[in-house]
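Residue numbers (my numbering): 120 to 297. Contents: one structure, followed by commentary.
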């Protein structure tokens, strides 16, 4: 069984609201940067940057971070891991970073991303933006600063974010594991 949590219009409204919150907090983004987490956070990161440029005229520094080898579970599979490319062509030292991921569930990916960021320098502040915050089943004490939608879900539910360009639909799939 699957049902839509957010349709295209609702996602656009959430993105616009998130951009307003970011502009209120970061101004012109001169001392801030958006870092999208590979692989699925990059779609949201690019959509945010496109909205910020279209609606406010701001082009924040943007990077893509892969935390594959920082995860605490990366050695639990026999398959070889294939990390994604990292793209960060700017210094993060002293910057205010906005980590972006599509769904926050257990928090383990974000914890790994925080560890990976340390290899690039020491930001002045790190914030978290997620399109979907699954409120239950958190395994580490991580909470997003900016949220598109809060979702109550069972542990065996799966939340799918289906991107088409800079827009998407969000589904919740029950009785199925990813």
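All residues carry an ideal CB built from backbone N, CA and C; glycine is no exception.
When secondary structure is reduced to three states using DSSP, residue 259 falls in the coil class, being assigned neither helix nor strand. Looking from the CA of residue 286, the closest CA among 145, 261, 164 belongs to 164. Given a length threshold of 4 residues, each whole run of the alpha helix (DSSP H) inside the segment 168-243 is given here in chain order: 227-237. Ranked by Cα distance from residue 144, the first of 282, 289, 215 is 215.
Cβ neighbours of residue 259 within its own chain (closer than 6 Å, five residues either side excluded): 226, 230. Under the three-state reduction of DSSP output, residue 133 falls in the helix class.
Straight-line measurement puts the Cα of residue 240 at about 11 Å from the Cα of residue 234.
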